[in-house]
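Numbers in the working numbering are just positions in the sequence shown, counted from 1, shifted up by 4. In this text, a Cβ means the ideal position worked out from N, Cα and C, and glycines have one as well. If you're wondering where the values come from, they're calculated on a predicted model, not measured in any experiment.
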Amino acid sequence: MAIYPKCRLIQISMISSSLVGTFPWQFMFQDNKILKNMYAMYSKLMLGYFTLFVFSQQLELLILITDEEVMRNAIFANISVTPIYTITLAKQLIMMLNSSFRATIKQIIDTEKCKSPIEDDEVFEIELRIVQRSNKLVKYYGLMMFVLGTLFCVKPILMTPNIVSSGNTTKAIGFFPLSSWFPFDEQKHYPYAYMWQTLSLLQGTMYVTTTDILMFNLIVFTAVQLRKLKHLLKNFVHYKERFMTLYNIVDDEQAAKITLIYFIRRHKEIIEYVRLFNESMEIVMVFDFLQSSLHIASVLPEVLMSEISLMVVLTVASFLGSMLFRLSLYYYHANNVIILSAELSYSIYESNWFDQTPKVKQMILIFMLRTQEPLTLRIGGFAVMSIESLIAILKATYSYVMLMI
Numbered sequence: 005m006a007i008y009p010k011c012r013l014i015q016i017s018m019i020s021s022s023l024v025g026t027f028p029w030q031f032m033f034q035d036n037k038i039l040k041n042m043y044a045m046y047s048k049l050m051l052g053y054f055t056l057f058v059f060s061q062q063l064e065l066l067i068l069i070t071d072e073e074v075m076r077n078a079i080f081a082n083i084s085v086t087p088i089y090t091i092t093l094a095k096q097l098i099m100m101l102n103s104s105f106r107a108t109i110k111q112i113i114d115t116e117k118c119k120s121p122i123e124d125d126e127v128f129e130i131e132l133r134i135v136q137r138s139n140k141l142v143k144y145y146g147l148m149m150f151v152l153g154t155l156f157c158v159k160p161i162l163m164t165p166n167i168v169s170s171g172n173t174t175k176a177i178g179f180f181p182l183s184s185w186f187p188f189d190e191q192k193h194y195p196y197a198y199m200w201q202t203l204s205l206l207q208g209t210m211y212v213t214t215t216d217i218l219m220f221n222l223i224v225f226t227a228v229q230l231r232k233l234k235h236l237l238k239n240f241v242h243y244k245e246r247f248m249t250l251y252n253i254v255d256d257e258q259a260a261k262i263t264l265i266y267f268i269r270r271h272k273e274i275i276e277y278v279r280l281f282n283e284s285m286e287i288v289m290v291f292d293f294l295q296s297s298l299h300i301a302s303v304l305p306e307v308l309m310s311e312i313s314l315m316v317v318l319t320v321a322s323f324l325g326s327m328l329f330r331l332s333l334y335y336y337h338a339n340n341v342i343i344l345s346a347e348l349s350y351s352i353y354e355s356n357w358f359d360q361t362p363k364v365k366q367m368i369l370i371f372m373l374r375t376q377e378p379l380t381l382r383i384g385g386f387a388v389m390s391i392e393s394l395i396a397i398l399k400a401t402y403s404y405v406m407l408m409i
């Protein structure tokens, strides 16, 4: 009985995300309906709890902002985590409810399942290298997020509680891993409140990590298919001969046309995949883009207003490193999609196109004209995911820091 569908690219993502129920249940336990329904229930329960915790964070932020005595440090502590949790929740709702998003995952699985006989060992090696590299990156990101979550849990224990005097009595105010609202007196029941927040933090960290890894894999899939198509186009004559051998085609022009039609269909599949990705995720990526600079910037003023210690420095360094690495996973690899799609016309130009018949040359020209428009993963309707967008986030982060200080 298979628990997961066979797919090398998203294997790590499927295994890790299923632990907290973030992988879409529609693809789990295909041969066992009972286990599939049980996983679906588990996934919905985990999402429901995460939704309640995010709501408690937002409620706490509202209380802090509307309080007569504005505590900037507490507000910044809340903003450093709440936005990314909120965006992760939005992504999870899309993954669960949006059919276009599920169609992108299905296309990844079906593409690996239905290998074309035209693809040889060289094409397989291209895919394998990219998959191995992406697996290393997601492991690094997972390790960084694990360290960050651990530091968030340990930091409150090592910090000296604030002593508040009221008349003849003094009270120690303990710290917590996160900023959220409690339905009870958190200081009176500190051990229970701390344990609740620690469990919520662990779930939230897993939610953010596994959601980002899956999103990263979806972006990398586009790059994998484009790199493979580039190789096929560059070696047009070689794969034309493979068509002739495999399908007993004698006429050279007919083989060239069939080969080109195959390449065009591959390109159209990639275009359709990008369309589905944008259709399902472009709106939520707008909010991810807008909140990225704010939640990164908010951690720096929090440090300046706190007592400097080794634990605080380690936590902030880990936070900044993890969040910047997260952004690079998204925007650097989305930028690769733009570059690779624009290079398709150069790849076929490097082949022996000049030895083809006039009809084949005309087909090649039409294909080259279509590939002049690069494929882009969009941030809503006003921007694309690229290095320029990443730089814009970093610039906005600097502006926010200067404003907060």
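Sub-8 Å separation of residue i and residue j beta-carbons
i    : j    : result
V303 : L318 : no
S301 : V212 : It is worth fixing the name first, because residue 301 is Ala in this sequence and not Ser. Cβ atoms of A301 and V212: not closer than 8 Å.
Y277 : T108 : yes
S345 : L373 : no
S17  : I217 : yes
S326 : I397 : no
V24  : I134 : no
P160 : Y198 : yes
F57  : P305 : no
I343 : I368 : no
K261 : V388 : no
K238 : E354 : yes
E245 : T361 : no
M148 : T209 : no
S322 : V151 : yes
T214 : T401 : no
L331 : F281 : no
Beta-carbon proximity list for residue i, same chain, < 6 Å, skipping 5 on both sides
i    : result
P9   : F31 and I113
D255 : none
M99  : P28 and F105
K110 : none
D124 : none
M408 : P305
Y89  : V58 and G208
8 Å contact criterion, which residue i and residue j should meet: CB distance rounded
i    : j    : result
F220 : H337 : 7 Å
F240 : N356 : 7 Å
I275 : L230 : Actually they do not touch by this definition, with Cβ atoms about 11 Å apart.
Y145 : L13  : That pair is no contact at about 15 Å.
M75  : L68  : 6 Å
Y243 : I370 : That belief does not hold up - the Cβ atoms of Y243 and I370 are roughly 19 Å apart, past 8 Å.
G178 : P187 : With a Cβ gap of about 18 Å, G178 and P187 do not count as contacting.
E116 : C11  : 5 Å
For residue i, the residue or residues it bridges with in DSSP
i    : result
T202 : DSSP, once it has assigned bridges, lists no residue as partnering T202.
A176 : I167
A387 : I383
Same chain, Cβ closer than 8 Å to residue i, neighbours up to 5 away in sequence not counted
i    : result
V127 : K232, H235 and L236
S390 : Y335, A338, N339, I342 and T380
D359 : V241
Q207 : V24, M50, Y53, F54 and F57
Q376 : A346 and S349
Contact set for residue i: own chain, Cβ-Cβ below 7 Å, skip 5 residues either direction
i    : result
A39  : The amino acid at residue 39 is misidentified as Ala; the sequence shows Leu. F33.
I167 : T174 and A176
L205 : G153, F156, C157, P181 and L182
L162 : M315
L298 : I83, P87 and Y404
T202 : C157 and P181
E283 : S104
S393 : F293, Y335, I383 and A387
E286 : R382, I383 and G384
Beta carbon proximity, residue i to chain D, threshold 8 Å
i   : result
T86 : Chain labels in this structure do not include chain D; a single protein chain is all it has.
On the three-pair Cβ rule with 8 Å, is the stretch 137–152 touching the stretch 261–269?
-> The answer is no - the stretch 261–269 does not touch the stretch 137–152, with fewer than three Cβ pairs under 8 Å.
State whether the stretch 281–298 contacts the stretch 384–398, with contact taken as three or more CB pairs (one from each stretch) at a distance under 8 Å.
-> Taking 8 Å as the limit for Cβ pairs, the verdict is that the stretch 384–398 does touch the stretch 281–298.
Does the count of Cβ pairs from the stretch 91–104 and the stretch 190–199 closer than 8 Å reach three?
-> Short answer: they don't touch.
So, do the stretch 60–70 and the stretch 241–256 have three or more beta carbon pairs nearer to each other than 8 Å?
-> Counting Cβ pairs under 8 Å, fewer than three are found: no touch.
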